[in-house]
Every structure is written in C-alpha cells, then in structure tokens.
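Trainee:
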Amino acid sequence: MRAADSSGETGAYYLRMNADSGACRRRLQDDQVGLVVEVFRMLADATRVHLLWALIDRECSVNELAAHVGKPAPSVSQHLAKLRMARLVRTRREGTTVFYRLENDHVRQLLTDAVFNAEHAGPGVPGHHRTDSGLRVLHADAAGEAAVGEIGGQP
1 MRAADSSGET GAYYLRMNAD SGACRRRLQD DQVGLVVEVF RMLADATRVH
51 LLWALIDREC SVNELAAHVG KPAPSVSQHL AKLRMARLVR TRREGTTVFY
101 RLENDHVRQL LTDAVFNAEH AGPGVPGHHR TDSGLRVLHA DAAGEAAVGE
151 IGGQP
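Position 78 of the sequence shown, counting from 1, maps to 78 under the UniProt record's numbering, and the rest follow consecutively.
1) Are there 16 or more other CB atoms within 10 angstroms of the CB of residue 157, so buried, or fewer, so exposed?
2) Roughly how many angstroms separate the alpha carbons of G70 and R27, rounded to a whole number?
3) Tell me, please, which residues DSSP counts as bridged to F99.
4) Taking 8 angstroms as the cut-off, decide whether the C-beta atoms of V115 and Y100 are in contact.
5) Would you check if the distance between the CB atom of V39 and the CB atom of A73 is smaller than 8 angstroms?
6) Leaving aside the five residues before and after H50 along the sequence, list all residues of the same chain whose C-beta is less than 8 angstroms from its C-beta, in chain order.
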C-alpha cells in the first residue's frame with residue numbers, strides 16, 4: 001500500500017510494522033545473508049512450518065507437537081533441534097518435559113507474513129482480509145455479471 005504524508009509525498013505504508021525502510025537500502029553483510037538463508041531453509045520444510053504454526057500462540061511439548069503434525073516424536077524432535085539451532089524456537093524444561101515456543105516476535109511475524117502471503121496466491125479473498133470491512137472486492141453474481149461488494153459489511 002502507498003500512503004501520502006502531509007507533504008503529499010507517497011511512501012511505503014506497512015500494517016503492524018514500524019520498520020525503517022532506509023535500512024532496506026543498505027547492503028547486507030555476507031554472514032547476515034547466510035543467517036537469512038538458513039532461516040528460509042528451515043521454513044522450506046512442511047513439517048517444520050506445521051510445527052512453527054502450532055507454536056504461534058502457545059508452547060507445546062514434543063509429544064503434543066508430534067500428535068499435532070501426525071509424526072513420530074523422534075522425527076519431531078529432530079526437526080525441533082534444527083529449528084532451535086536456527087534460533088527459531090526456544091525451550092523450557094519442566095521436570096522431564098521440554099516445552100517449545102517461538103524464539104521471539106520476529107519469528108512470529110515472519111511466519112504470519114509467510115502464511116498471509118501464501119493466502120494471496122490462492123483464489124478469492126485471502127482469509128486474513130475477510131473481516132476487513134473496508135475491503136472491496138469484485139465478484140461474480142449468480143447471473144454471471146460482475147458486481148462490487150464489501151467484505152464484512154453490506155454490499
């Protein structure tokens with residue numbers, strides 16, 4: 001989205017994020033690029049994405065996560081070890097049980113944005129926009145003619 005400031009200039013407008021857009025123009029150091037590549041490598045596995053998504057708003061034990069993704073606990077433990085080494089999850093021990101949670105809010109935001117971006121690749125209005133009462137969409141009515149409606153409100 002673009003928004004005009006008081007001088008009439010347009011700039012980048014980001015929902016939920018206050019990132020310094022000037023920082024995006026600087027060249028990344030090679031070691032930092034390597035870390036970014038490793039994060040995306042961890043996200044390139046469906047099981048790991050399911051595990052991270054399960055942790056989006058809570059912490060879980062290995063057994064809970066294994067049941068959630070339908071995989072054996074040893075396999076899930078291996079995935080979690082990789083995610084931990086990549087600093088995407090952290091652990092907390094309670095007795096003999098180890099609980100996993102997302103490392104920080106940046107991981108949560110990265111995962112959420114990846115899911116929302118993927119929703120835009122599908123047909124129709126992405127799920128995360130369906131409750132936006134200001135969003136206007138073009139849709140076909142029963143007669144096959146184009147009609148404009150408002151999501152979350154009255155057409």
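The beta-carbon is built from N, C-alpha and C at its ideal position, and this holds for glycine as well.
Mentor: Reading from the atomic positions:
1) Nothing in the structure corresponds to residue 157, since the chain is present only between 1 and 155.
2) 42 angstroms
3) S61 and R92
4) no
5) no
6) H68 and V69
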